[in-house]
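Contents: one structure, followed by commentary.
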Amino acid sequence: MIQRYVFSYIMDLKSTLDELDYTQLEKIINVLLAARKNDKQIFILGNGGSAATASHFACDLGKGTIDYANSDFRRFRAISLTDNLALITALGNDLSYNHIFAEQLKNLMNPGDVVIGISASGNSPNILEAFDVAKKVGAITIGFLGFGGGKARDIVDYHLTVSSRNYGISEDFHMIVEHIITQIIRRVLHEKKQKVVFLDRDGIINEKPPEHQYVTQWEDFKFIPEIFDTLSALLKKDYKLVIVTNQQGIGKKLFNEQQLHDIHARMNEEFVKRDIKIEKIYYCPHLESDGCNCRKPQPGMLYRAQNELPFIIDMDNSFILGDSIRDVQAGKAFGIKTVLFNSNGYAKNNDADYQINSIPDVVNIIDKF
Ligand SMILES: [Mg+2]
Ligand SMILES: [Zn+2]
247 MIQRYVFSYI
257 MDLKSTLDEL
267 DYTQLEKIIN
277 VLLAARKNDK
287 QIFILGNGGS
297 AATASHFACD
307 LGKGTIDYAN
317 SDFRRFRAIS
327 LTDNLALITA
337 LGNDLSYNHI
347 FAEQLKNLMN
357 PGDVVIGISA
367 SGNSPNILEA
377 FDVAKKVGAI
387 TIGFLGFGGG
397 KARDIVDYHL
407 TVSSRNYGIS
417 EDFHMIVEHI
427 ITQIIRRVLH
437 EKKQKVVFLD
447 RDGIINEKPP
457 EHQYVTQWED
467 FKFIPEIFDT
477 LSALLKKDYK
487 LVIVTNQQGI
497 GKKLFNEQQL
507 HDIHARMNEE
517 FVKRDIKIEK
527 IYYCPHLESD
537 GCNCRKPQPG
547 MLYRAQNELP
557 FIIDMDNSFI
567 LGDSIRDVQA
577 GKAFGIKTVL
587 FNSNGYAKNN
597 DADYQINSIP
607 DVVNIIDKF
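So, in structure tokens, the structure goes:
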């Protein structure tokens with residue numbers, strides 16, 4: 247019974263996430279970025295769980311977006327109107343609960359400011375009244391709405407709305423969208439774009455084991471001799487190095503993740519000796535038959551890198567280097583250039599942007615990007 251409930255909740259949440267309107271999301275991000283640039287205030291408000299989301303949103307904009315390395319960094323002026331309990335209860339008690347946000351806005355708001363109202367029903371009277379005041383002052387209004395949007399949907403300038411009539415699902419969606427927005431803003435504002443080479447491992451860094459065999463221990467791992475100079479040359483050209491490797495042998499129980507980590511630790515020792523820094527190693531431990539999203543040709547490991555690495559990937563100048571059509575397909579699906587090392591000619595006639603017959607040639611290829 248519990249399991250079925252959990253399953254249906256997660257199913258509802260997943261399909262609700264698919265309703266995210268990317269066009270509206272982008273517009274809202276641009277409104278917030280413009281507010282920061284023009285020194286405008288951003289007011290965030292909601293009731294109940296949405297009040298908590300308003301506080302959380304103001305926290306993430308106010309703190310989570312700052313680049314502390316830059317002392318001149320222009321900050322967001324974000325305020326949640328849900329946090330002054332004295333003022334809220336005074337307004338609610340003496341006037342009406344419907345006025346708790348509108349009256350605060352009258353105190354603080356200037357033309358060109360932004361008001362974000364969060365309402366699962368889209369019909370909370372105090373939110374509608376706040377939007378009304380905002381419009382009169384000449385502020386930009388944004389709704390995070392549920393239940394199809396309610397009355398608020400027709401009033402606001404921009405909105406992210408879900409159809410779910412479940413309060414939990416609607417509020418989850420608003421929370422997730424808040425994190426998406428603040429993380430994108432953080433990246434846009436202070437993370438330098440970085441060129442990345444996604445390196446396949448077997449057949450690029452180390453000799454490819456024979457068909458259907460795996461590198462299960464350090465003794466099986468034989469570096470391809472030219473890889474050291476090649477990686478050093480790429481580093482000199484300001485590329486960051488990330489390894490993305492399918493390791494189906496784990497799924498087949500031929501070796502375990504600890505053994506793989508040991509091999510990678512030994513591999514890394516050799517790189518460190520030569521001043522070669524690998525940013526991160528991603529591996530897929532699954533069987534091809536598992537249908538995961540990380541085993542190449544799926545681009546899951548590259549997307550994880552995009553989420554986790556502390557810089558924005560320069561998509562125009564980054565590429566994947568591999569010796570298999572699967573590497574090429576993963577790179578294409580992610581949207582970067584693809585370089586195929588045609589080690590023994592078997593992978594010929596495919597869609598790779600560039601083909602090389604020796605690994606050091608990759609250094610000449612990148613000048614043609
Ligand atoms: Mg390979
Ligand atoms: Zn996988």
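Residue 247 is where the sequence shown starts when you use the numbering used here, and the numbers rise one by one after that. Where is the CB? At the ideal position from N, CA and C, for every residue including glycine. Please read these numbers as outputs of a predicted model, since none were measured by experiment.
Check: Could you tell me the distance, in whole angstroms, from the CA atom of residue 419 to the CA atom of residue 427?; Outcome: 12 Å
Check: If you reduce the DSSP assignment to three classes, tell me which class residue 290 lands in.; Outcome: strand
Check: Report the three-state DSSP secondary structure of residue 398 (helix, strand or coil).; Outcome: helix
Check: Between which two residues does the beta strand (DSSP E) containing residue 323 stretch?; Outcome: 323–326
Check: Exposed or buried, what is residue 407 when buried is set at 16 or more other beta-carbons lying within 10 Å of its beta-carbon?; Outcome: buried
Check: Label residue 613 either buried or exposed according to how many other C-beta atoms from any shown protein chain fall within 10 Å of its C-beta, with 16 as the threshold for buried.; Outcome: exposed
Check: Who are residue 365's beta bridge partners in DSSP?; Outcome: 391
Check: Any beta-carbon of chain B closer than 8 Å to the one on residue 600?; Outcome: This model lacks chain B altogether; it includes just one protein chain.
Check: What are the start and end residues of each continuous alpha helix (DSSP H) run of 4 or more residues lying completely inside the stretch 546–598, in chain order?; Outcome: 546–554, 571–580
Check: For the 8 Å Cβ check, are there 3 or more pairs between the stretch 496–515 and the stretch 464–472?; Outcome: yes
Check: Nearest-angstrom Cα distance between residue 276 and residue 535?; Outcome: 42 Å
Check: Can you give me the C-alpha to C-alpha distance between residue 290 and residue 270, rounded to a whole angstrom?; Outcome: 18 Å
Check: Pick out every residue whose C-beta is nearer than 7 Å to a heavy atom of ligand 1: which are they, in chain order?; Outcome: 446, 447, 448, 449, 450, 454, 568, 569, 570, 573
Check: According to DSSP, residue 488 sits in a beta bridge with which residue or residues?; Outcome: 444, 526
Check: Quick check on residue 360: does DSSP put it in helix, strand or coil?; Outcome: strand
Check: Between the C-alpha atoms of residue 345 and residue 314, what's the straight-line distance to the nearest angstrom?; Outcome: 38 Å
Check: Using a Cβ-Cβ cutoff of less than 8 Å, which residues in the same chain neighbour residue 502 once the five nearest sequence positions on both sides are dropped?; Outcome: 496
Check: How about residue 476 and residue 608: are their beta carbons less than 8 Å apart?; Outcome: yes
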